[in-house]
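Taking it in order: structure first as structure tokens, then the write-up.
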Amino acid sequence: MNGEAYIPAKAWRRKDLPKRILAIRTQAMGDVMITLPYLQHLRRSLPASVKLDLLTRVETDPIPRSIELFDKVYSIGGGRHLKRIFLLALLKLPILLLRRYDVVIDLQNNNYSGIIRRMLRPKAWSVFDKRSPIAAGERTRLTIERVGLGKCALDTAFRLKSGDRGFALLKQAGWNGSDELVVLNPAGLNATRNWPIRYYVDLAHRWLEQKPATRFLVLGTAFIDKKREALKEALGSSLFDLVGQTSPLEAFEILQRATIILSEDSGLMHMAWVTGIPTLALFGSSRSDWSRPLGPHSFFLDSSDLPCGNCMEAVCRRGDNYCMTRYTPELVLQHAFSLLHVQLATT
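Each residue of the sequence shown is one higher than the last, beginning at -9 in the working numbering.
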């Protein structure tokens, strides 16, 4: 589509504002997170009398429920069983119909989100473009904008409703509250999305040479257990290990206190970007045109300049994972410091 999004929509044409808006996003955690800063901008651009609700999945609702953004959050169970999700989504219809939504923003664009939108018969609606070669954040922004309630932008200044268990976990791990906290996230799904773990170690040692008052952090799921062990062995007390010890909400709270994250393409990368911290993303076989973080607080290195780039394959056809290994620790460290410099200049 030549870099242009195709977003079906019926814009709000009335002089008065809508009373109720429903946003739908029910996929993975990272996908839901991407929508939040744009929905927050919409929320803050409208008076409090306009209600903004979210329909999502049980697995992805802890953070939407815990931030000051939505009036109501409706969650669908069913795990990853599509038929079960579909049926449970339909069971939500009576409740949603009672809300009498004036506007539906379908940020999911699948069969059941389309059925829900049509059954609710809103006066205005828009539907997410799933295919155009444009970053998901930008397609989200355009989908919200196309509904006709004004310009939409990135707003990462989230406020939690209560508590900060993430901070307590950091203190228990040994953080003094003042040392710079650098998150290392070797969590790309496949080998073709992985930066060598020895590169992470090399970068960390180079970082400590220039910034000794730095502590590194790994968190997330047991998926990165082996890499976590390699980092612990190499970095010792300079590394805080919270892998498998945080809920999504606690990880979100922790990331807001980080100095920067260095991450492969993963849900935690999207979560970090959404918090507004400097985010340096490394894309191997992933399509960065879809997944890259946006805004001045982000930077990414990808494979799009290579003939085999953005291949989306789990095993490298070349056999050497060159799209990732060519980015040396020296180069990535340079980009990380540049990103931090830009961040300081804009705050």
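Cβ coordinates follow ideal geometry from the N, Cα and C atoms, glycine included.
Open item on the list: Is the beta carbon of E254 closer than 8 Å to that of L272?
Closed with: Translated into the one-based positions of the sequence shown, residue 272 becomes position 282. Translated into the one-based positions of the sequence shown, residue 254 becomes position 264. In contact: L272 and E254 (Cβ atoms closer than 8 Å).
TODO: Return the chain-ordered list of same chain residues with a C-beta closer than 8 Å to the C-beta of R107, the five sequence neighbours on each side being excluded.
DONE: What you label residue 107 is simply residue 117 of the sequence shown in a count that begins at 1. Same-chain partners within the cutoff: I14, V94, D96, W115 and V117.
TODO: Report the three-state DSSP secondary structure of I187 (helix, strand or coil).
DONE: Residue mapping note: residue 187 aligns to position 197 of the sequence shown, counting from 1. It is helical.
Open item on the list: Whether or not the stretch 142 to 160 and the stretch 213 to 229 are in contact is what I'm after, with contact meaning three or more pairs of Cβ atoms, one per stretch, closer than 8 Å; do they touch?
Closed with: no
Open item on the list: Quick check: the Cα distance between P268 and Y312, rounded to an integer number of angstroms?
Closed with: One-based indexing of the sequence shown puts residue 268 at position 278. One-based indexing of the sequence shown puts residue 312 at position 322. Going from the Cα of P268 to the Cα of Y312 covers about 26 Å.
Open item on the list: For V233, list the residues DSSP reports as bridge partners.
Closed with: For the purposes of this step, residue 233 is taken as residue 243 along the sequence shown, with counting starting at 1. Its beta-bridge partners are G210.
Open item on the list: Using C-beta distances below 6 Å, list every residue in its chain close to K217, excluding the 5 sequence neighbours before and after it, in chain order.
Closed with: Looking up residue 217 in the sequence shown gives position 227. For K217, where only same-chain residues beyond five positions count, the Cβ hits under 6 Å are P176 and I187.
TODO: Helix, strand or coil for V332, going by three-state DSSP, please let me know.
DONE: Position 342 of the sequence shown, counted from the start, is the residue given in the question as residue 332. Helix, per DSSP.
Open item on the list: In this structure, how does DSSP classify K41 when only helix, strand and coil are distinguished?
Closed with: Residue mapping note: residue 41 aligns to position 51 of the sequence shown, counting from 1. Correct three-state label for K41: strand.
- [ ] Note down the Cα distance separating A335 from A326, rounded to an integer number of angstroms.
- [x] Stepping through the sequence shown from its first residue, residue 335 is reached at position 345. Stepping through the sequence shown from its first residue, residue 326 is reached at position 336. Approximately 14 Å between the Cα atoms of the pair.
Task: Stretch pair the stretch 151 to 171 + the stretch 225 to 235: three plus CB contacts closer than 8 Å - done: yes
Task: Inter-residue spacing [alpha-carbon to alpha-carbon] between A212 and S237 - done: Position 222 of the sequence shown holds residue 212. Position 247 of the sequence shown holds residue 237. So the two alpha carbons sit approximately 13 Å from each other.
Open item on the list: On the criterion of 16 or more Cβ atoms from any shown chain inside 10 Å, does N(-8) qualify as buried, or is it exposed?
Closed with: Sequence index remark: in the sequence shown, residue -8 carries index 2 (1-based). Because the pLDDT of N(-8) is 45, which lies under 50, any placement of that residue in the model is unreliable, and the number read from its coordinates should be weighed accordingly. The residue in question, N(-8), is exposed, as its Cβ has fewer than 16 Cβ neighbours within 10 Å.
Open item on the list: Checking 8 Å against the spacing of the C-beta atoms, do L132 and A(-5) come in under that value?
Closed with: Sequence index remark: in the sequence shown, residue 132 carries index 142 (1-based). Sequence index remark: in the sequence shown, residue -5 carries index 5 (1-based). A contact, by the Cβ cut-off of 8 Å.
TODO: Would you mind listing the beta strand (DSSP E) stretches within the stretch 39 to 90 that are 3+ residues and don't spill past its ends, in chain order?
DONE: 41 to 47 and 62 to 66
Open item on the list: Can you look up I11 in the DSSP assignment and give me helix, strand or coil?
Closed with: Here residue 11 refers to the residue found at position 21 of the sequence shown. Three-state DSSP puts I11 in a strand.
Task: Which listed residue (G299, L209, E303 and S328) has its alpha carbon closest to that of R316 - done: Indexing the sequence shown from 1 puts residue 316 at position 326. Comparing Cα-Cα distances from R316 to each of G299, L209, E303 and S328, the minimum goes to G299.
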